[in-house]
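In this note's numbering, the protein residues as written are 17 to 309. Encoded as structure tokens, the structure appears first; notes follow it.
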């Protein structure tokens with residue numbers, strides 16, 4: 017019976033993957049066409065009171081389609097102050113020419129000394145630009161032109177609210193303790209503000225200056241407690257700073273480029289010895305459980 021269940025899940029994942037192929041082709045064509053006509057696109061500047069920076073990181077297994085994600089970010093209808101690609105210094109030489117060429121069109125490439133994996137998309141940015149509004153993105157996603165505008169539309173001002181476009185809802189057991197990650201409400205329709213909303217930063221999250229606890233940039237701590245779970249770490253840093261989570265937008269389907277040949281964070285975070293539940297327990301042991309309504 018267990019074998020049949022596993023086999024069924026395998027075919028369900030395969031079917032879901034195949035259904036996404038037409039969307040990937042459509043997104044690819046859209047990026048190429050819009051990039052060719054980028055000078056004719058209507059854009060407006062953001063109205064925040066400090067710099068607005070879009071951040072992401074990448075590594076060689078994702079470099080083949082990275083230019084598509086970067087172009088989709090540079091094609092946003094909101095003008096930002098920077099789009100920054102944070103890279104481990106030893107990976108820079110492997111960047112393809114189609115990515116390097118984007119430095120002439122608004123991309124900033126910053127190199128970091130230590131490879132802190134997925135944390136590179138935000139931690140160096142917080143250190144280098146502490147007074148900026150930071151938006152996070154992933155390197156393998158297609159971002160529609162209105163992605164950033166939709167995210168910013170949900171921001172109501174102040175540092176005690178993080179806005180996201182996609183979140184899971186943390187469920188509690190009868191004693192009020194956090195249930196295992198697999199029991200959470202994935203891609204919830206809840207909007208909040210609510211401290212049980214768990215943002216997925218790669219889909220798009222806005223971090224106002226001062227929204228995260230001072231420990232957020234403690235490399236030794238997050239590498240020890242949550243080495244593969246940057247969203248887990250960031251969630252706790254928000255909770256420790258009494259910062260509620262607000263989901264905005266229409267929960268649109270993510271379109272992911274089919275490019276990575278490496279082990280994904282999603283796969284790593286299913287493992288009992290290093291996965292989400294293991295890392296969540298580490299955070300509870302270190303910081304206690306956040307107050308949840």
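Ideal Cβ positions, reconstructed from N, Cα and C, are used throughout, including at glycine.
Contact between residue 183 and residue 89 does not hold, since their C-beta atoms are separated by about 21 Å, which reaches or exceeds 8 Å.
Assigned with DSSP and collapsed to three states, residue 61 falls in strand. For residue 294, no pairing in a beta bridge is given by DSSP.
With a cutoff of 8 Å on beta-carbon distance, residue 66 and residue 101 are scored as not near each other. If you ignore the 5 residues before and after residue 253, its C-beta comes within less than 7 Å of the C-beta of 228, 229, 231, 232, all in its own chain and listed in chain order.
Taken atom to atom, the span from the alpha-carbon of residue 265 to that of residue 180 is near 8 Å. Taking the CA atoms as reference points, residue 98 sits about 5 Å from residue 69.
In this structure, residue 299 keeps its C-beta atom at 8 Å or more from the C-beta atom of residue 186.
Straight through space, the alpha carbons of residue 240 and residue 59 are spaced by roughly 43 Å. In this chain, the beta strand (DSSP E) harbouring residue 185 covers 183-185.
DSSP links residue 158 through a beta bridge to 271. Non-local C-beta neighbours of residue 251 in its own chain, meaning closer than 6 Å and more than five positions away in sequence, comprise 214, ordered along the chain. A distance of 8 Å or more separates the beta carbons of residue 146 and residue 107. Residue state for residue 240 is assigned as helix, using DSSP reduced to three classes. CA-to-CA, the gap between residue 47 and residue 193 works out to about 44 Å.
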